[in-house]
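Working notes, structure below.
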Amino acid sequence: MSGQTLTDRIAAAQYQLTGSEVSRAVCKATTHEVMAPKKKHLEYLISATNATNVNIPQMADTLFERATNASWIVVFKALVTTHHMCVHGNERFIQYLASRTALFNLSNFIDKTGSHGYDMSTFIRRYGRYLNERAFAYRQMAFDFTKVKKGAEGVMRTMAPDKLLKGMPVLQTQIDTLLEFDVHPKELNNPIINAAFLLLFKDLVKLFASYNDGVINLLGKLDMSLGASQMAPYFLYSAPLLTRDLWALVKSNVLLRE
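No gaps in the numbering here: position 204 of the sequence shown is 204 in UniProt numbering, and each next residue is one more.
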């Protein structure tokens, strides 16, 4: 038996009457059911991002509208769906998100209908901040750190010095914001937060790969007069992200090779 509420059915029917199949699919993916967005609805939306006749702004705006719902379930599923589109959809989707001056305004979101909703509201606020930062990073760099080519011929490994010094702090901020999600195993207690965690984990692996490429590139451009003993404390395996002190060192005391 379906767990969709009457409100879910009415919302989907309204979009069906207006002929907006994309908006209807967004509503179906973000119902009040405590389950991850259904695969069939996500696949439909992914395929829609590749269709030239589909209105990407309308799709995104419907997701933003769903994220203003009072229910933590609907809002969380809207964020998961948006993240899924960023990862698997056509690049036009994140390009549109990056072009907007405002995205998810969830800094004060609280679902007070129960203790579970209150607990999940914390992760919704953190998740919204990460998705906003993900779009901002794309706006700053004009590419997605999770999707660029990695390795010796990768984007971060071959990036010019001036762009590298601009890009590494942007990448570090995106990683920092993702890590602020800070969920513990006992809090992974429903399919929605599990879906969010999986997407975030996959992003983190790719972001770290880009970050490592950037660090290798940066080290290759450092003036060799800076001794290894000075650099070693900043690159311990247990501290993979550059410290603020190192950025100050790089910018003020280290010559970059032309």
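Here a beta-carbon is modelled for each residue, glycine too, at the ideal position from N, C-alpha and C.
C-alpha distance - Ala152 paired with Asn212, whole-angstrom precision: If you take the alpha carbons of Ala152 and Asn212, they lie about 11 angstroms apart.
Assuming the contact rule is C-beta atoms closer than 8 angstroms, Phe181 and Tyr130 should be a hit. Round their C-beta distance to whole Å, please. About 6 angstroms separates the Cβ atoms of Phe181 and Tyr130, confirming a contact at the 8 angstroms cut-off.
Any beta carbon from chain C within less than 7 angstroms of Phe181's own beta carbon? Among the chains in the structure shown there is no chain C, since it carries only a single protein chain.
With a threshold of 16 other CB atoms inside 10 Å of the CB of His184, please say whether the residue is buried or exposed. Burial state of His184 is exposed, judged by a 10 Å Cβ sphere holding fewer than 16 other Cβ atoms.
With Leu178 and Leu200 assumed to form a contact (beta carbons below 8 angstroms), what rounded beta-carbon distance in angstroms separates them? Rounded, the Cβ-Cβ distance is 6 angstroms, consistent with contact.
Where in the segment 73–103 do unbroken runs of the alpha helix (DSSP H), each at least 4 residues long, occur, reported from the N-terminal end onward? Look at the segment 73–103 and you find these whole runs of alpha helix (DSSP H), each 4 residues long or longer: 91–99.
Taking 8 angstroms as the limit between beta carbons, can you name the residues of its chain near Phe123, skipping five residues before and five after? Hits under 8 angstroms: Phe76, Phe181, Val183, Glu187, Ile193 and Ala196.
Would Phe104 and Gly89 qualify as a contact pair, given that the criterion is a beta-carbon distance under 7 angstroms? Inclusion of Phe104 and Gly89 in the CB contact set at 7 angstroms is not warranted, their separation being larger than that value.
Examine the Cβ distances between the segment 20–34 and the segment 43–58 and report whether three or more of them are shorter than 8 angstroms. As far as the Cβ criterion goes, the segment 20–34 touches the segment 43–58, which means the pair count is three or higher.
So the alpha helix (DSSP H) His116 belongs to, where does it begin and stop? Note, His116: alpha helix (DSSP H), Ser115 to Met141.
Less than 7 angstroms between the beta carbons of Val26 and Thr62, yes or no? It is a contact, given that the beta carbons lie within the stated cut-off.
Is Lys163 near Val155, with beta carbons less than 7 angstroms apart? Cβ distance not < 7 angstroms, so Lys163 and Val155 don't count as in contact.
Restricting to runs no shorter than 4 residues, where is the alpha helix (DSSP H) found entirely within the segment 144–224? Taking only runs of at least 4 residues, the alpha helix (DSSP H) segments lying wholly in the segment 144–224 are 161–179 and 191–221.
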